[in-house]
Amino acid sequence: MSSYTLRQLLEEAAIQLDEVKVPDPRYDARALLLSSFQLSAAQYLLYEGEALDALIPRILPDREALHAAEARFRSFLERRCRREPLQQILGTTGFYGLDFVVTRDVLCPRADTETLVDAVLGNL
């Protein structure tokens, strides 16, 4: 798989997520990819067209780390295809300007809840 590019992984993942009717497949695929490979958005843009091997040693230290990142991405993608919430897969989410750890034991904060918090704070 190391002859794949990041862009190819992203496109294939977005197609798989679209097939199972995930609401924003490209966004989710990109979030899973960035998290799996521990890339910033800028790093993704810089290396998206290069073979995954090009990430060694620029981003990942060795082939073992590359294989681990690929396996993590595939695992994350399978979980998302089963409709597990993206926040639980990534293990974190933003809410009201703060980052929170998210596990299966908690409800995922939603944007409309931020609106509710604003309304409550406005009445205090």
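Residue numbering for the sequence shown follows the working numbering, starting at 66 and increasing by one per position.
Glycine included, each C-beta is placed from N, C-alpha and C at the ideal position.
Fair warning: this is a prediction, and the values are worked out from it, not measured in the lab.
- Task: Would you tell me roughly how many angstroms separate the C-alpha atoms of R175 and E115, rounded to the nearest one?
- Result: Approximately 35 Å, taken between the alpha carbons.
- Message: Let me make sure I understand the geometry here. Which of D183, L99, E149 has the alpha-carbon closest to that of Y161?
- Response: For the residues D183, L99, E149, the minimum Cα distance to Y161 belongs to D183.
- Message: Tell me the residue span of the alpha helix (DSSP H) that contains D118.
- Response: Note, D118: premise wrong, no alpha helix (DSSP H); not H, not E.
- Query: On the three-state DSSP scale, how would you describe G159?
  - Reply: Note: G159 maps to strand in three-state DSSP.
- Task: Within its chain, find whatever has a CB closer than 8 Å to the CB of Y69; leave out the 5 residues flanking it on each side and keep chain order.
- Result: Contacts found: A116, L117.
- Message: Please classify I154 as buried or exposed, where buried requires at least 16 other C-beta atoms within 10 Å of its C-beta.
- Response: It counts as buried.
- Query: By Cβ distance, which residues of its chain are closer than 7 Å to Q81, with the 5 residues on each side in sequence left out?
  - Reply: Here the set comprises L142, C146.
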